[in-house]
Amino acid sequence: MATAAPRRRRSLAAALRRYGWSYLFVLPTFSLFVVFTLLPVVQGLVLSLQNARVTGGEFIGLANFETLAADPVFVQAVGNTILYATVVVAAQITLALVVASLIQPLGTQAHVFYRALFYLPLVNSAILVAMVWRWIFNANPFGLANTALGVIGLGPFLWIGSSDQALIAVILSAVLTIPGGGVVLYSAAMGSLPRELYEAADLDGASWFSKWRHITVPLLRPTTLYLLVIYTILAFQLFERVYIMTNGGGPNNATITIVQLIYSTAFQFGRYGLASAMAVVLFVMALGVALVQFRSLRSDVEY
Amino acid sequence: MSNIRQRLPVHIVLLVAGGLSLFPLYWLFLTSLSPTQYVVRVPPEIVPRELTTANYVRLFETTPIVRWLFNTVVIAGVITAFHLLFDSMAGYAFAKRRFPGKNVMFWLVVSTLTVPAQVTLIPVFFILRFLGLLDTYPGVILPGLADVFGIFLMKQFIQTLPTELEHAARVDGASEWQVYRHVIVPLSRPALAVLAIFTFQRYWNAFIFPLVILHDPSKYPVQVGLATLQGEFNTDYGMLMTGAAVAAIPMIAVFFAFQRHFIEGIRIGGVKG
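One line per chain: the protein sequences are A and B, in this order. Okay, so the first sequence: first residue is 1 according to the numbering used here, each after it adds one. Okay, so the second sequence: first residue is 1 according to the numbering used here, each after it adds one.
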């Protein structure tokens, strides 16, 4: 008994000598992660079950979620967010795949040039981009979108001033930019596809399109899935475009999104519990998408 | 020869697509440089007849845009510097060292990779209020140090480095810190460059966190400042586009200076925004 304590102390000292440096290396970033990411995720879940307002609150079970389910504005926000994500992600994946496929057969210099060309528009902030699109989609006759469509005899449209067209303008603003990150990833993935399959297809006299359709696209599936998840989760977080282009929701909440509603519910109306419940819904949506990818990738391994 | 003729249509399609993507940026700069009477001309002119810097002069005279740019450089710069140090340290430990709890810790880090940042927004706001850090620079910087992308990036990269060099350094009597500082850090330069650029870009462009955390306009980073310009100048698109242009120029300059690392970064780290 008497020797147990010193021995434990000695083994503690030995453990410190052995692992101390490792913990020193990990601790600064890990403690910040715990305080400002891990703890907030847990606290967010707790808050969603509370009637939290500026002055504090108590547990109310799932009442916040019942409120949300019955709230037409929140239902509209979820609908808008999913509609935006579906259209924009489908367009982004298609555009990235097509553009990367067009770049692929060109030389190295062309690769470098086009990757940079398509990535350049993406270094700018969402705020700045949204400001330009607000200017392009303004309803006046001097608005650029109205002028361009006027040339082919359409419009003029009210765009962000109309509850029917505001969401279309927001979606168009996202779709009309080539997703440079996707282009770069597809392009890198295409560079490492096995040549043998193409050579075999050449022997069979396969056309360029049939090789693309039956070899390239299926082999790129992991990249497609990855982009699908990342772009969908990013699209779920739609906020800045709506905040700037349509003054945070548009006429009749035409462009309201989940994050926009989280922001206004918490920081304009002080209903933190309700807003946290919305954040949990967003979290579950993102998690669902990530799980779909995980399962698809696993089924890939099996076949 | 036939090669060029075959490829010409492809180049044309790609250049048109690239041009369309870049057009909003062109339109932004063009509007900012146009005299006010031309901005509202019907139909709008795609090719300018006359350019002026009047909007820029007015912007610098009537708004705190210089202060906002300075704030952004400080906030994004400090966050980037700390990420380079902390993430390379943690990445090294997770990639190369053995210690109890390592797998659990790393699993916790990875499991939050796909959590949307807005999920933590309200609790982080509460924590900062509790710490008395609302409306302060540390209040914006500290949550910025908590994102885990860099840990993951550095771990993935350092894993690929040969272990023999560390052993050799230890045999030569290097301390653990010296191994990190003089073996791991120099070899990790490519990943550190990518991390620096991505982190700086991310916090240069950050919006919702500073919007919620800061209230004093003199502390705003430039993106939040831009959003307030919209309230102030409402439909004066010339001024709004000038503000946006001033915020865009530094990031575009960074892109041209470090283009290679941007592209490399997407390859290594994936699409982040």
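Even for Gly, the Cβ is constructed at its ideal location relative to N, Cα and C.
Which residues in the same chain have their Cβ closer than 7 angstroms to the Cβ of glycine 144 (chain B), if we skip the five residues on either side of it in sequence?
Here residue 144 (chain B) refers to the residue found at position 144 when the second sequence is read from its first residue. Hits under 7 angstroms: Ile79, Tyr203.
Report the neighbours of phenylalanine 207 (chain B) on chain A: residues whose CB is nearer than 9 angstroms to its CB, in chain order.
Locating residue 207 (chain B) in the second sequence gives position 207, where the first residue counts as 1. In chain order: Ser125, Ala126, Ile127, Phe239, Glu240, Tyr243.
Spatial neighbours of glycine 273 (chain B) within its chain, please: C-beta separation below 6 angstroms, excluding the five flanking residues on both sides.
Position 273 of the second sequence, counted from the start, is the residue given in the question as residue 273 (chain B). Low confidence applies to glycine 273 (chain B): its pLDDT is 41, below 50, so where it sits in the model is not reliable, and the reading given next is rough at best. There are no such residues.
The alpha helix (DSSP H) with tryptophan 133 (chain A) in it runs from where to where?
Translated into positions along the first sequence, residue 133 (chain A) becomes position 133. 126–136 is the span of the alpha helix (DSSP H), which, as asked, contains tryptophan 133 (chain A).
Just to confirm before moving on: does the CB-CB distance between phenylalanine 207 (chain B) and glutamine 230 (chain B) stay below 8 angstroms?
Here residue 207 (chain B) refers to the residue found at position 207 of the second sequence. Here residue 230 (chain B) refers to the residue found at position 230 of the second sequence. Not closer than 8 angstroms, so no.
Would proline 64 (chain B) pass as a contact of serine 175 (chain B) if the rule is Cβ separation under 8 angstroms?
As a first step, residue 64 (chain B) is located in the second sequence; it is residue number 64 there, counting from the start. As a first step, residue 175 (chain B) is located in the second sequence; it is residue number 175 there, counting from the start. No, they are not a contact pair.
For the segment 49–83 of chain B, which residues have a CB atom closer than 9 angstroms to at least one CB atom of chain A, in sequence order?
Among the residues of the segment 49–83 of chain B, those with a Cβ less than 9 angstroms away from any Cβ of chain A are Phe82, His83, in the order of the chain.
If the cut is a Cβ gap below 7 angstroms, which residues of chain A does valine 212 (chain B) touch?
For the purposes of this step, residue 212 (chain B) is taken as residue 212 along the second sequence, with counting starting at 1. Correct list: Phe267.
Does leucine 246 (chain B) pass the burial test, meaning 16 or more other C-beta atoms within 10 Å, or should it be called exposed?
Reading the second sequence from its first residue, position 246 is the one you call residue 246 (chain B). The amino acid at residue 246 (chain B) is misidentified as leucine; the sequence shows valine. Per the 10 Å Cβ criterion, buried.
According to DSSP, simplified to helix, strand and coil, what is glycine 56 (chain A)?
Locating residue 56 (chain A) in the first sequence gives position 56, counting from the first residue. Strand, per DSSP.
Contact criterion: CB-CB distance below 8 angstroms. Does aspartate 87 (chain B) meet it with respect to chain A?
Working through the second sequence from its first residue, we reach residue 87 (chain B) at position 87. By this cut-off, aspartate 87 (chain B) is an interface position.
Anything in chain A within Cβ reach of valine 124 (chain B), meaning under 8 angstroms, just list it in chain order.
The residue given as residue 124 (chain B) occupies position 124 in the second sequence. Ordered by position in chain A, the residues that pass the 8 angstroms Cβ test against valine 124 (chain B) are Phe36, Pro40.
Between tyrosine 237 (chain B) and chain A, is the shortest Cβ-Cβ distance under 8 angstroms, so that the two count as touching?
For the purposes of this step, residue 237 (chain B) is taken as the residue at position 237 of the second sequence. Yes, because at least one Cβ of chain A sits closer than 8 angstroms to the Cβ of tyrosine 237 (chain B).
Got a sec? Which residues, its chain only, sit under 6 angstroms from valine 259 (chain A) by beta carbon, not counting five neighbours each side?
Along the first sequence, one-based indexing puts residue 259 (chain A) at 259. Gln237, Phe239.
Pick helix, strand or coil for glutamine 237 (chain A), following the three-state DSSP scheme.
What you label residue 237 (chain A) is simply residue 237 of the first sequence in a count that begins at 1. Glutamine 237 (chain A) falls in the coil class under three-state DSSP.
For histidine 11 (chain B), which residues in the same chain have their Cβ closer than 7 angstroms to its Cβ, ignoring the five residues on either side in sequence?
Counting from one through the second sequence, the residue named residue 11 (chain B) turns up at place 11. Cβ neighbours of histidine 11 (chain B) within its own chain (closer than 7 angstroms, five residues either side excluded): none.
Quick one: is valine 13 (chain B) buried, meaning 16 or more other Cβ sit within 10 Å of its Cβ, or exposed?
Along the second sequence, one-based indexing puts residue 13 (chain B) at 13. Under this definition valine 13 (chain B) is an exposed residue.
Among the residues of its own chain, which have a CB less than 6 angstroms from the CB of glutamine 201 (chain B), if the five just before and after it don't count?
For the purposes of this step, residue 201 (chain B) is identified with residue 201 of the second sequence, where counting begins at 1. Once the five neighbours on either side are set aside, glutamine 201 (chain B) has no close Cβ partner at all.
What are the residues of the segment 30–46 of chain B that lie near chain A, defined by any Cβ-Cβ distance shorter than 9 angstroms?
Thr31, Val39, Val40, Arg41, Val42, Pro43, Pro44, Ile46
Tell me, which residues are paired with glutamine 50 (chain A) by DSSP?
For this step, residue 50 (chain A) is matched to residue 50 along the first sequence. Per DSSP, A:Phe59.
Step through the CB atoms of chain A and report whether any lies within less than 8 angstroms of the CB of leucine 8 (chain B).
The count along the second sequence starts at 1 and reaches residue 8 (chain B) at position 8. Chain A contact via Cβ: absent.
Measuring CA to CA, which of B:Asp147, B:Leu20, B:Thr235 is closest to glycine 143 (chain A)?
For the purposes of this step, residue 143 (chain A) is taken as residue 143 along the first sequence, with counting starting at 1. Considering only alpha carbons, the answer is B:Thr235.
For tyrosine 220 (chain B), which three-state DSSP category applies?
On the second sequence, residue 220 (chain B) is found 220 positions in, with the first residue counted as 1. In this structure, tyrosine 220 (chain B) counts as coil in the three-state DSSP scheme.
Write down the C-beta distance between glycine 182 (chain A) and alanine 96 (chain A) rounded to the nearest angstrom, noting that I regard them as a contact closer than 8 angstroms.
Position 182 of the first sequence, counting from 1, holds the residue named residue 182 (chain A). Position 96 of the first sequence, counting from 1, holds the residue named residue 96 (chain A). Contact flag correct, Cβ pair sits at about 3 angstroms.
So is phenylalanine 209 (chain A) in contact with chain B if we call contact Cβ pairs under 8 angstroms?
Within the first sequence, residue 209 (chain A) is the residue found at index 209, counting from 1. No, its Cβ sits nowhere closer than 8 angstroms to a Cβ of chain B.
Taking Cβ to Cβ, would you say serine 187 (chain A) is nearer than 8 angstroms to alanine 100 (chain A)?
Counting from 1 along the first sequence, the entry for residue 187 (chain A) is found at position 187. Counting from 1 along the first sequence, the entry for residue 100 (chain A) is found at position 100. Yes, the pair counts as a contact, with Cβ atoms nearer than the cut-off.
If you count every other CB in all the chains shown that lies within 10 Å of the CB of leucine 113 (chain B), and 16 or more means buried, which is it?
Numbered from 1 along the second sequence, position 113 holds the residue referred to as residue 113 (chain B). Its Cβ having fewer than 16 others within 10 Å, leucine 113 (chain B) is exposed.
Taking the alpha-carbon positions, what's the leucine 49 (chain A) to serine 192 (chain A) distance?
Within the first sequence, the letter at position 49 stands for residue 49 (chain A). Within the first sequence, the letter at position 192 stands for residue 192 (chain A). In a straight line, the C-alpha of leucine 49 (chain A) is about 49 angstroms away from that of serine 192 (chain A).
For alanine 286 (chain A), which residues in chain B fall below 9 angstroms Cβ to Cβ?
Counting from 1 along the first sequence, the entry for residue 286 (chain A) is found at position 286. Chain B residues near alanine 286 (chain A): Thr114, Val115, Pro116, Val119.
Just by C-beta distance, which residues in the segment 164–196 of chain A are closer than 7 angstroms to chain B?
Leu176, Thr177, Ile178, Gly181, Gly182, Val184, Leu185, Ala188
Determine the direct distance from the alpha carbon of tyrosine 137 (chain B) to that of leucine 25 (chain B), and round the result to whole angstroms.
Mapped onto the second sequence, residue 25 (chain B) falls at position 25. Mapped onto the second sequence, residue 137 (chain B) falls at position 137. Using only the alpha carbons, I get a separation of about 30 angstroms.
Measuring CA to CA, which of A:Phe33, A:Asp71, A:Pro105, A:Leu122 is closest to valine 115 (chain B)?
By one-based count along the second sequence, residue 115 (chain B) stands at place 115. The shortest Cα separation from valine 115 (chain B) among A:Phe33, A:Asp71, A:Pro105, A:Leu122 belongs to A:Phe33.
What separation, rounded to the nearest whole angstrom, lies between the Cα atoms of alanine 63 (chain A) and serine 88 (chain B)?
Counting from one through the first sequence, the residue named residue 63 (chain A) turns up at place 63. Counting from one through the second sequence, the residue named residue 88 (chain B) turns up at place 88. Each residue's alpha carbon lies about 44 angstroms from the other.
So what's isoleucine 46 (chain B) in DSSP terms, helix, strand or just coil?
Position 46 of the second sequence, counted from the start, is the residue given in the question as residue 46 (chain B). Judged by DSSP in its simplified three-state form, isoleucine 46 (chain B) adopts coil rather than helix or strand.
Can you pull the chain B neighbours of valine 304 (chain A), defined as C-beta to C-beta under 7 angstroms?
Within the shown structure, residues of chain A are numbered from 1 to 303, placing residue 304 (chain A) beyond reach of any answer.
Is aspartate 87 (chain B) helix, strand or coil when you go by DSSP?
Numbered from its first residue, the second sequence carries residue 87 (chain B) at position 87. Three-state result, aspartate 87 (chain B): helix.
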